[in-house]
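Here the sequence shown is numbered in the numbering used here, starting from 176 and rising by one per residue.
Where is the CB? At the ideal position from N, CA and C, for every residue including glycine.
Working notes, structure below.
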Amino acid sequence: MKALIIDGGQAVRSMMGFVLDGEGFEVRQASGLLEIRGLLGQGYAPDIVITCQSGAGIDVMGLRLLKAHSAMKRVPVILMAEKEDLERQMKWKEAGVTCWLTWPVTPEQFLEMVQIVLFDAPGKKKCRRP
């Protein structure tokens with residue numbers, strides 16, 4: 176399965192990528208919308224997207240643009256949030272976020288959410304649960 180991790184910070188992308196890579200995911204990373212467009216232009220189609228609410232990398236408007244791309248319409252998106260903020264989370268939800276996790280999370284919690292989202296996503300391949 177293919178995972179796209181979007182964040183402006185290399186450390187965050189590397190941590191999430193390490194966890195997913197260890198579970199057999201093909202991981203691609205992007206620091207922002209320009210890199211994402213490049214990947215999509217090359218025909219890349221992820222099975223899941225993970226992004227952060229911090230504003231580094233992609234924002235709500237960027238997510239709307241991403242979800243408008245034909246290859247991304249049905250791809251689930253996990254948002255890693257810095258704090259519980261219902262108003263902000265609703266804006267992300269309207270833009271296309273499937274679910275969110277609030278930092279801090281353990282690698283196990285992160286992986287469990289990825290597995291749940293992929294398992295429950297309509298039209299997706301089934302993947303093993305943790």
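Restricting to runs no shorter than 3 residues, where is the beta strand (DSSP E) found entirely within the stretch 182–234? Runs found: 201–205, 223–227.
Would you decide whether residue 255 is buried or exposed? Buried here means 16 or more other CB atoms lie within 10 Å of its CB. It counts as buried.
List the endpoints of the continuous beta strand (DSSP E) containing residue 255. Per DSSP, residue 255 belongs to the beta strand (DSSP E) from 252–256.
Is the beta carbon of residue 204 less than 7 Å from the beta carbon of residue 180? Going by C-beta atoms, residue 204 is nearer than 7 Å to residue 180.
Compute the Euclidean distance between the alpha carbons of residue 240 and residue 234, then round it to the nearest angstrom. Approximately 10 Å between the Cα atoms of the pair.
Determine, using beta-carbon pairs with one atom in the stretch 243–254 and one in the stretch 266–276, whether at least three such pairs fall under 8 Å. Result yes; three or more Cβ-Cβ pairs closer than 8 Å.
List in chain order: all unbroken beta strand (DSSP E) runs of 3+ residues lying wholly within the stretch 236–284. Counting only runs of 3 or more, we get 252–256, 274–277.
Would you mind sorting residue 186 into buried or exposed? The rule is 16 or more other CB atoms within 10 Å of its CB. Around the C-beta of residue 186, fewer than 16 other C-beta atoms lie within 10 Å, and the residue is accordingly described as exposed.
Member of 294, 295, 289 whose CA lies at the smallest distance from the CA of residue 196: Of all alpha-carbon atoms in 294, 295, 289, the one lying nearest the alpha-carbon of residue 196 is that of 289.
Hey, residue 221 and residue 177: beta-carbon distance below 7 Å or not? In this structure, residue 177 lies closer than 7 Å to residue 221 by Cβ.
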